[in-house]
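Visitor: Residue numbers (the UniProt record's numbering), protein chains in the order written: chain Y, 1 to 169; chain U, 1 to 169. Where is the CB? At the ideal position from N, CA and C, for every residue including glycine. Everything numeric in this text was worked out from a predicted model, so none of it was measured. Below is one structure. I have some questions about it.
Protein chains: 2
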Amino acid sequence: MSRIAVLIGEQFEDVEYTEPAAKFREKGHQLIHVGLEKGKDVSGKKKGTRVHIDESVADTSPADFDALFIPGGHSPDNLRAHDEAVSFAGSFIDSGKPVFAICHAPQILITAQKLKNRKVTGWKSIIQDIKNSGAEFVDKEVVVDGNLVSSRQPSDIPAFVKAALEKLQ
Amino acid sequence: MSRIAVLIGEQFEDVEYTEPAAKFREKGHQLIHVGLEKGKDVSGKKKGTRVHIDESVADTSPADFDALFIPGGHSPDNLRAHDEAVSFAGSFIDSGKPVFAICHAPQILITAQKLKNRKVTGWKSIIQDIKNSGAEFVDKEVVVDGNLVSSRQPSDIPAFVKAALEKLQ
Chain Y
1 MSRIAVLIGE QFEDVEYTEP AAKFREKGHQ LIHVGLEKGK DVSGKKKGTR
51 VHIDESVADT SPADFDALFI PGGHSPDNLR AHDEAVSFAG SFIDSGKPVF
101 AICHAPQILI TAQKLKNRKV TGWKSIIQDI KNSGAEFVDK EVVVDGNLVS
151 SRQPSDIPAF VKAALEKLQ
Chain U
1 MSRIAVLIGE QFEDVEYTEP AAKFREKGHQ LIHVGLEKGK DVSGKKKGTR
51 VHIDESVADT SPADFDALFI PGGHSPDNLR AHDEAVSFAG SFIDSGKPVF
101 AICHAPQILI TAQKLKNRKV TGWKSIIQDI KNSGAEFVDK EVVVDGNLVS
151 SRQPSDIPAF VKAALEKLQ
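Shown next, in the form of C-alpha cells:
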C-alpha cells in the first residue's frame with residue numbers, strides 16, 4: 001500500500017483525476033491531495049468535481065509520499081505559476097519515486113526543467129513544448145521511462161492506470 | 001485604418017480581449033474575429049464575454065488582414081491543438097505584418113516554431129516554454145521585436161495597446 005500525493009489545482013480535468021483515483025483506492029492505496037492552500041477546495045473544469053486540499057505544497061516534500069500523481073486540465077498550468085509547486089514536482093522526479101503525469105501534467109515538469117532526455121507523452125497542444133524541453137515525445141497511450149509514467153488524454157486512462165499500478169508496492 | 005484579425009477561441013481572458021479591442025476600435029481600426037468555426041460564439045473564461053467568430057481560420061490567410069491580435073487565457077492552448085490555427089499564426093509572423101500577443105498567446109507561436117531568436121514576454125507560467133523555444137524571455141510590460149509585440153498580463157494592457165497602435169497605419 002502506497003501513499004500517493006495528488007498535485008492538484010483549479011480547473012483540473014475531472015475524469016483524469018476521478019478515474020485513476022478510484023482505481024488507486026480500489027487497490028488499497030491512499031491519496032493525499034497536495035495543492036496551493038491546505039483546507040481549500042479546488043474544482044474540475046468540466047464537471048465541477050470538488051477536491052479538498054489535504055496539504056499545502058509548501059509544507060510537504062516527496063519524503064512524505066511513495067509516489068506522485070498529476071492530473072491534467074488547466075491545473076498544471078495554474079500550479080506552475082507558483083515556485084513551490086514546481087519545486088515539489090521537480091524534487092519528486094529527482095527522488096526516483098514514481099511520477100504519474102497525464103495530459104497537460106508534463107507542463108509542470110517542463111517548468112521544473114526535469115524532462116531533458118526523458119521519453120514523455122502528453123496532450124496534443126503541448127507536444128512542441130515537450131520537444132523543446134529536451135525530451136523525446138512519444139505518441140503512445142502510455143510511456144514509461146524510469147520513474148516517469150505519462151499518458152496523452154482521457155481515453156488513455158486504462159493504460160495509464162495499469163502502468164502506474166505496476167510501479168506501486 | 002487597419003483590418004486586424006483577432007485569433008480567438010474558447011476560454012479567452014476577457015479583459016485581454018475587451019480592453020485592447022475597445023481601444024483599437026476607438027482609433028478607427030476594424031476587428032475581424034477568426035476562430036475554429038465561422039458563425040459560432042466563443043466565451044471568455046472569467047466574465048463569459050461572448051465573441052462571434054466572423055471567419056474560420058482554415059478559410060482565411062494573413063493576406064486578408066493588416067495585423068494579428070491574439071488574446072490570452074486558455075484560448076491559445078485550445079487553438080494550438082488545431083493545425084490550421086497554428087499555421088495561420090505562423091504565417092502571420094512570416095508575413096512581417098504586426099502580431100500582438102498577450103499572456104498565454106505566445107503558446108501558439110511556440111507550436112508554430114516561430115519564436116527562435118526573438119525577444120518575447122508572456123505570462124509567468126509559460127516562461128520556461130518561451131525560453132525552451134529558443135526565444136529570449138524579457139520580463140517587461142511590453143516587448144517589441146520587429147513585427148512582434150508581446151505583454152505579460154492584464155496589468156500590462158495600456159503599454160501593450162500603446163505599442164500595438166504604433167505598429168498600425
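Assign HIS33/Y to one of two classes, buried (16 or more other C-beta atoms within 10 Å of its C-beta) or exposed (fewer than that).
Guide: So HIS33/Y ends up on the buried side.
Visitor: By Cβ distance below 6 Å, which residues in the same chain neighbour LYS46/U in space, the five residues on each side in sequence not counted?
Guide: Answer for LYS46/U: ASP14, listed in chain order.
Visitor: For SER75/U, decide whether its Cβ has a neighbour in chain Y, counting only Cβ atoms nearer than 8 Å.
Guide: Taking Cβ atoms only, chain Y never reaches closer than 8 Å to SER75/U, which makes this a no.
Visitor: List, from N- to C-terminal side, the alpha helix (DSSP H) runs of 4 residues or more that fit wholly inside the region 80–122 of chain U.
Guide: Within the region 80–122 of chain U, the complete alpha helix (DSSP H) runs of at least 4 residues are 83–95, 106–111.
Visitor: Would you mind working out which of ILE8/Y, PRO158/Y, ASP156/Y sits nearest LEU79/Y, comparing C-alpha positions?
Guide: Looking at the Cα atoms, ILE8/Y is the closest of the given residues.
Visitor: Here's the rule: buried if 16 or more other CB atoms are within 10 angstroms of the residue's CB, otherwise exposed. What is HIS52/U?
Guide: By the 10 Å Cβ count, HIS52/U comes out exposed.
Visitor: Restricting to Cα atoms, I'd like to know which of GLY73/U, HIS29/U, SER56/U is closest to SER43/U.
Guide: Closest by alpha carbon: GLY73/U.
Visitor: Based on the DSSP secondary-structure assignment, which residues constitute the bridge partners of SER150/Y?
Guide: Per DSSP, ALA101/Y, VAL143/Y.
Visitor: Can you list the beta strand (DSSP E) stretches of 3 or more residues lying completely in the region 16–40 of chain Y, in chain order?
Guide: List check, beta strand (DSSP E) in window: 30–35.
Visitor: Between the alpha carbons of VAL99/U and PRO20/Y, how many angstroms are there, rounded?
Guide: Cα to Cα, VAL99/U sits roughly 41 Å from PRO20/Y.
Visitor: Determine the direct distance from the alpha carbon of MET1/U to that of GLN113/Y, and round the result to whole angstroms.
Guide: Each residue's Cα considered, the two are about 44 Å apart.
Visitor: Quick one: give me the first and last residue of the beta strand (DSSP E) that ALA5/U is part of.
Guide: Looking at the DSSP string, the run of the beta strand (DSSP E) that includes ALA5/U is 3–7.
Visitor: Name the one or two DSSP bridge partners that ALA67/Y has.
Guide: ILE4/Y.
Visitor: Looking only at its own chain, which residues have a Cβ that is under 6 Å from the Cβ of LYS119/U, when we skip the five neighbours before and after it?
Guide: The answer, listed in chain order, is GLU136, VAL138, VAL143, ASP145.
Visitor: With 8 Å as the threshold, decide whether the Cβ of ALA81/U is near any Cβ in chain Y.
Guide: With 8 Å as the cut-off, ALA81/U counts as an interface residue toward chain Y.
Visitor: Please go through the same chain and pick out, in chain order, the residues whose beta-carbon is closer than 7 Å to the beta-carbon of ARG50/U, but skip the five residues on each side of it.
Guide: The residues are ASP41, SER43.
Visitor: Can you tell me whether LYS140/Y is buried or exposed? The criterion is at least 16 other CB atoms within 10 Å of its CB, across all chains shown.
Guide: Looking at its Cβ environment, which holds fewer than 16 other Cβ atoms inside 10 Å, LYS140/Y is exposed.
Visitor: Check whether the Cβ of ASN147/U lies closer than 8 Å to any Cβ atom in chain Y.
Guide: No, ASN147/U lies away from the interface with chain Y (no Cβ there is under 8 Å from its Cβ).
Visitor: If you check the beta carbons only, do ALA81/U and LYS124/Y fall under 8 Å apart?
Guide: In contact: ALA81/U and LYS124/Y (Cβ atoms closer than 8 Å).
Visitor: So that I know if they touch, is there some Cβ in chain Y lying closer than 8 Å to that of LYS119/U?
Guide: No, no contact with chain Y.
Visitor: Does any CB atom of chain U fall closer than 8 Å to the CB of GLU140/Y?
Guide: What sits at residue 140/Y in the sequence shown is Lys, not Glu. With 8 Å as the cut-off, LYS140/Y does not count as an interface residue toward chain U.
Visitor: Pick out whichever of VAL161/Y, ALA63/Y, SER91/Y has its Cα sitting closest to the Cα of ILE102/Y.
Guide: For ILE102/Y, the nearest C-alpha among the options comes from VAL161/Y.
Visitor: Taking just the CA atoms, how far does GLY35/Y sit from PRO106/U?
Guide: Between PRO106/U and GLY35/Y, the C-alpha separation is close to 27 Å.
Visitor: For ILE70/U, which residues in chain Y fall below 9 Å Cβ to Cβ?
Guide: Going along chain Y, no residue has its Cβ under 9 Å from ILE70/U, so there is no contact; the nearest lies around 15 Å.
Visitor: For GLU166/U, does the three-state DSSP call read helix, strand or coil?
Guide: GLU166/U falls in the helix class under three-state DSSP.
Visitor: Please list, in chain order, the chain Y residues whose beta carbon lies closer than 9 Å to that of THR60/U.
Guide: Near THR60/U there are no residues of chain Y at all, since even the closest Cβ is about 21 Å away, more than 9 Å.
Visitor: So LYS97/U and PRO62/U are supposed to be a Cβ contact under 8 Å. How far apart are they, rounded?
Guide: At roughly 6 Å, the Cβ-Cβ gap stays under 8 Å, so LYS97/U and PRO62/U are in contact.
Visitor: I'd like to check one pair, ARG25/U with ASP66/U: are the Cβ atoms closer than 8 Å?
Guide: No, the pair does not count as a contact, with Cβ atoms beyond the cut-off.
Visitor: Is LYS114/Y close to chain U? Criterion is C-beta to C-beta, closer than 8 Å.
Guide: No, its Cβ sits nowhere closer than 8 Å to a Cβ of chain U.
Visitor: Could you confirm whether any beta carbon from chain U is found closer than 8 Å to the beta carbon of LYS46/Y?
Guide: Cβ-Cβ to chain U under 8 Å: no for LYS46/Y.
Visitor: Name, please, each residue of chain Y whose Cβ falls closer than 9 Å to the Cβ of GLY111/U.
Guide: One point to set straight first is that residue 111/U is Thr, not Gly, in the sequence displayed. In chain order: SER125, ILE126, ILE127, GLN128, ASP129.
Visitor: For SER133/Y, which residues in chain U fall below 9 Å Cβ to Cβ?
Guide: Within 9 Å Cβ-Cβ: GLN128, ASP129, ASN132.
Visitor: Measuring alpha carbon to alpha carbon, tell me which of LEU168/Y, GLY134/Y, GLN169/Y, ILE130/Y ends up nearest SER151/Y.
Guide: Of LEU168/Y, GLY134/Y, GLN169/Y, ILE130/Y, the residue nearest in Cα terms is ILE130/Y.
Visitor: Quick check on the DSSP output: the alpha helix (DSSP H) that includes ILE130/U runs from which residue to which?
Guide: Segment 127–132, the alpha helix (DSSP H) holding ILE130/U.
Visitor: In this structure, how does DSSP classify VAL42/Y when only helix, strand and coil are distinguished?
Guide: Strand at VAL42/Y.
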